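Final position of the sequence shown in our numbering is 261; the numbers increase by one with none missing. The beta-carbon is built from N, C-alpha and C at its ideal position, and this holds for glycine as well. In this text the structure is predicted, and so the values were computed from the model without any measurement.
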Amino acid sequence: MPSPARLLYSLCLAMLCIAQTAMGHAQSATIAAASDLQFALEAVREQYRLDTGHSVQAIYGSSGNFYRQIREGAPFQMFMSADESYVRQLDEAGLTEDGGVLYAQGRIVLIAPHDSLLQPDENLQSLREALDSNLIQRFAIANPEHAPYGRRAEEALRHAGLWEALQEHLVLGENVSQAAQFATSGSTQGGIIAYSLALAPNVSRLGRYALIPQDWHEPLRQRMVLLKTASPALHEFYAYLQGTQAREIMRQFGFDLPQTP
């Protein structure tokens with residue numbers, strides 16, 4: 001019969017193996033996700049946890065900044081970009097398992113706090129009139145230099161002929177999530193943000209919004225990819241994101257879905 005000391009040693013060893021397995025699953029499952037996914041991906045992650053008992057970690061930020069960090073060796077395992085060009089460049093650099101898959105197409109909205117004099121409309125006529133009446137002091141968008149939603153906001157404003165008039169009033173968020181905070185906090189008269197953020201209860205209760213026509217800007221084709229260091233845990237979640245349940249959650253947050261993910 002094994003001695004108590006040997007039994008204790010065996011039990012501790014078994015517990016250590018279980019803990020290391022769980023830690024390996026969690027540590028390997030780190031996703032760099034575009035900030036327009038802040039609420040949608042959280043909902044998917046929670047459903048995944050309920051369905052599988054597994055958790056994955058996600059960090060949110062601008063796609064351009066994540067692209068640079070990955071090129072510099074940041075230890076992410078998966079990249080969910082708001083601009084598919086970043087994924088293609090990482091693939092060309094040999095840092096990904098393949099070219100990834102399209103998981104969504106985003107939309108942008110004009111949003112304003114409830115107490116703002118700006119009344120959002122799809123043609124931005126109210127923004128034009130507010131500018132003409134000197135009612136706009138501060139207007140928020142994501143930084144176009146590294147945030148895809150900021151670039152699409154700039155394109156839409158140029159299409160409407162309002163870009164130059166807004167220059168002195170622009171407040172740039174580091175990413176579209178920060179731009180949404182600026183646009184709804186009351187410190188600005190409004191802004192242009194991701195539709196997926198405007199639909200989230202934490203944001204929608206703070207303001208009103210109007211969708212901007214898609215043909216006013218280049219498409220927001222959003223692509224995800226596994227990096228070459230991706231663990232089995234990430235492969236599982238990557239597949240889950242392409243399934244019916246995850247896609248339905250993404251649709252509820254305003255994303256257009258590709259026919260073949």
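In the DSSP assignment, PRO148 falls within the alpha helix (DSSP H) that extends over 148–159. Only residues of its own chain outside the window of five on either side were considered, and among them HIS146 have a CB closer than 7 Å to the CB of ASN65, listed in chain order. Collapsing the DSSP output to three states places THR30 in a strand. Within a 10 Å sphere around the beta-carbon of GLY61 sit 16 or more other beta-carbons, which makes this residue buried. Collapsing the DSSP output to three states places PHE182 in a helix. Shown here for ALA104: same chain residues with a beta carbon closer than 8 Å to its own, the five before and five after excluded, namely GLN222, MET250, PHE255, ASP256, LEU257 and PRO258 in chain order.
Three or more beta-carbon pairs drawn from the region 198–217 and the region 106–126 are found closer than 8 Å, and the two stretches are therefore classed as touching.
Residues of the same chain with a CB within less than 6 Å of the CB of ARG247, apart from the 5 flanking positions on each side, are LEU257 in chain order. DSSP places PRO201 in the helix class (H, G or I) of the three-state scheme. Look at PRO232 here: in three-state DSSP terms it is helix.
Using a Cβ distance threshold of 8 Å, LEU131 and LEU162 count as a contacting pair. Per DSSP, GLY64 is one residue of the alpha helix (DSSP H) stretching across 63–71.
Within the same chain, and ignoring the five residues on either side of ASP83 in sequence, the residues whose Cβ sits closer than 6 Å to its Cβ are SER63 and PRO148.
It is roughly 27 Å from the alpha-carbon of LEU102 to the alpha-carbon of GLN181. Separation of GLU72 and ILE141 (C-alpha to C-alpha, rounded to the nearest whole angstrom) is 27 Å. Cβ neighbours of HIS159 within its own chain (closer than 8 Å, five residues either side excluded): TRP216 and HIS217.
In summary, SER185 is exposed, with fewer than 16 beta-carbon neighbours lying within 10 Å of its beta-carbon over all protein chains present. Counting only runs of 4 or more residues that sit fully inside the region 105–131, no alpha helix (DSSP H) segment turns up. In the three-state DSSP reduction, ALA246 falls in the helix class (H, G or I). A direct Cα-Cα distance of roughly 21 Å separates SER35 from GLN245. Looking at the DSSP output, TYR195 shares a beta bridge with no other residue. Assignment of SER133 by DSSP, reduced to helix, strand and coil, places it in the coil class.
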